[in-house]
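To keep things clear, I will list the structure first and then write my remarks on it.
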Amino acid sequence: MKQLFPIFFLFITTPLMAEVKSEFSGNVEVQARHSINNDEAKEAPLLQEWNQEQFYLAYGNINGKFDFGNSRFETNVFGRYSQSNLYQDQTPSPNYIAPQIFSFPNRLVAREVAKLSQQDEGDNYRSEMILNKMYYEWSYEEHRFMFGRIYINYGGGEIFNPINPFNQPTGLTSISQVAQGNDGLNFTFYKSDNHTINFYFLGDKSLQGYEGQIDKTLWAHGEFQFSEKLQFDYVIGEDQRRHKVGGQARYSLSESMIFLQTLYQTAYTDDLNEVESHHLWDLMLGYDQQITNKWHLRAEGGHQKKNKFASLTSINDRFLPTEYFIAIANQYEIHPLVKLGGTIINDVKTGFTYFITRNTYSFAKSSEVEIFAYLPMAKGSDIENQAQKLVTTDVGLALRTFF
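Residues are numbered in our numbering as their position in the sequence shown, beginning at 1, plus a constant of 1064.
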């Protein structure tokens, strides 16, 4: 990888004779929440032995964009500071899981080769500063080339988006304005006005058992516009030591959209550290409609195969430990400055039900305050999915501004 950096900077400096157009943007947000633990989470094997705690979070982004000729250089710095007594050392007991949920997503680079970050931790706090985007882009004729730490955004799911394993959905969390970077290359081919293919070659050194060889990702994502209303996406490749294939069909009307996703994953393609695995598959149906100019509705439901070899006390890349689920989200604008939102998620297999309300008030041109609550309404079966006991009851307040 080190040999590639001189090439990277050569690409950047060569076009500097052209006129450079720059743009900067960002956001800052602070949060405070009161959390109440689920009594059943304190029992073995979960051992989350706490009752009520306060949690404080501050985070922000600074994004820079530079265009020159057919080239672009873009970067984003993400900073986050969180404080809670739940961070205190509990050795040899497992760490408390709640802060991982509060600050989801925890991993700001989904496929990581270079450690472009600084982290610090104490008895009751965690802080991090990370360059989660830094790439050079060169467009020419019907092609585009990107190199560096890039965002990969596609797929219609907001709560569950299985065909994109490179950017965790944050529809159920209190954190917004955050995306995950990925280290590698991207070649885009515009085969026609209706057909685009993206090829990704990514690396990841953060997998367990890493001994010097980068666990590669070879991935293709295509978009085919079959008609004005119907679009097909397809994905295929090797990622996280699994072979994966899937796709999405999306049908759009003037005020609504329906989409279907599926993804199949094989068991691990090697026996690294003799870790057990099995095949996984996901299926999701989504519907989105702007019912009136003030009322927006979204529904997502489907199946995410439960990984029976995953740790009970680990928060995976989907945030909620559900298997067969239905989610319905509503947002209503009662005033141009006031929006009310409510989302309910139900695991139809276990009975676990989760309700989220997020209500915002815009008090300035680029600033708003939000009151939120995350409430497990039904705990679900004790046998089917014990990780559901980790979900806490939370109420909180957020203040954010954009620039």
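The beta carbon of each residue, even a glycine, is placed where N, CA and C say it ideally should be.
Report the three-state DSSP secondary structure of residue i (helix, strand or coil).
i, result
"residue 1106", "helix"
"residue 1453", "helix"
"residue 1081", "Per-residue confidence for residue 1081 stands at a pLDDT of 49, beneath the threshold of 50, marking its modelled position as unreliable; no derived number is given."
"residue 1229", "coil"
"residue 1410", "strand"
"residue 1151", "helix"
"residue 1323", "strand"
"residue 1290", "coil"
"residue 1440", "strand"
"residue 1353", "strand"
"residue 1144", "strand"
"residue 1461", "strand"
"residue 1307", "strand"
"residue 1345", "strand"
"residue 1219", "coil"
"residue 1269", "coil"
"residue 1194", "strand"
"residue 1467", "coil"
"residue 1282", "strand"
"residue 1159", "coil"
"residue 1173", "strand"
"residue 1339", "coil"
"residue 1383", "coil"
"residue 1089", "strand"
"residue 1236", "coil"
"residue 1431", "strand"
"residue 1242", "coil"
"residue 1112", "coil"
"residue 1317", "coil"
"residue 1224", "coil"
"residue 1101", "coil"
"residue 1205", "coil"
Excluding five sequence neighbours on each side, which residues of the same chain lie with their C-beta closer than 6 Å to the C-beta of residue i?
i, result
"residue 1457", "1100, 1439"
"residue 1309", "1300, 1328"
"residue 1431", "1465"
"residue 1068", "Unreliable positioning characterises residue 1068 in this predicted model, as indicated by a pLDDT of 46, which lies under 50. The coordinate reading is nonetheless provided below. There are no such residues."
"residue 1113", "1106"
"residue 1325", "1226, 1227, 1312, 1348"
"residue 1102", "1453"
"residue 1417", "1410, 1441, 1442"
"residue 1193", "1143, 1182"
"residue 1397", "1358, 1403"
Does the beta carbon of residue i fall short of 7 Å from some heavy atom of the ligand SAH?
i, result
"residue 1122", "No copy of the ligand SAH occurs in the structure displayed, which carries no ligand at all."
How is the beta strand (DSSP E) around residue i delimited, first residue to last?
i, result
"residue 1251", "1245-1256"
"residue 1330", "No beta strand (DSSP E) contains residue 1330, which DSSP labels as neither H nor E."
"residue 1367", "1359-1368"
"residue 1421", "1417-1428"
"residue 1371", "Neither: residue 1371 is in no beta strand (DSSP E) and is coded neither H nor E."
"residue 1187", "Counting along the chain, residue 1187 falls outside any beta strand (DSSP E), and DSSP gives it neither H nor E."
"residue 1178", "Where residue 1178 is concerned, there is no enclosing beta strand (DSSP E), given that its DSSP letter is neither H nor E."
"residue 1128", "1116-1132"
"residue 1395", "1388-1399"
Roughly how many angstroms separate the alpha carbons of residue i and residue j, rounded to a whole number?
i, j, result
"residue 1189", "residue 1261", "43 Å"
"residue 1450", "residue 1090", "39 Å"
"residue 1164", "residue 1290", "41 Å"
"residue 1222", "residue 1323", "12 Å"
"residue 1098", "residue 1423", "17 Å"
"residue 1360", "residue 1421", "14 Å"
"residue 1278", "residue 1302", "13 Å"
"residue 1126", "residue 1225", "26 Å"
"residue 1119", "residue 1340", "36 Å"
"residue 1358", "residue 1258", "33 Å"
"residue 1182", "residue 1250", "26 Å"
"residue 1404", "residue 1395", "6 Å"
"residue 1346", "residue 1388", "10 Å"
"residue 1368", "residue 1283", "21 Å"
"residue 1179", "residue 1415", "41 Å"
"residue 1134", "residue 1200", "11 Å"
"residue 1366", "residue 1083", "49 Å"
"residue 1215", "residue 1231", "8 Å"
"residue 1237", "residue 1436", "10 Å"
"residue 1392", "residue 1085", "42 Å"
"residue 1470", "residue 1202", "Nothing about residue 1470 can be read from this structure; the chain reaches only from 1065 to 1467."
"residue 1407", "residue 1390", "10 Å"
"residue 1319", "residue 1332", "42 Å"
"residue 1434", "residue 1461", "6 Å"
Within the continuous alpha helix (DSSP H) that includes residue i, where are the two ends?
i, result
"residue 1166", "1162-1166"
Report all residues from its chain with a CB closer than 7 Å to the CB of residue i; omit the five preceding and five following residues, and keep chain order.
i, result
"residue 1176", "1247, 1268, 1269, 1270"
"residue 1241", "1091, 1125"
"residue 1081", "The predicted model places residue 1081 with a pLDDT of 49, which falls under 50 and marks its position as unreliable; any figure quoted below should be read in that light. Answer for residue 1081: no residue qualifies."
Take residue i and list the residues in its own chain whose beta-carbon comes closer than 8 Å to its own, dropping the five residues that flank it on each side.
i, result
"residue 1373", "1339, 1340, 1341, 1342"
"residue 1204", "1134"
"residue 1317", "1293"
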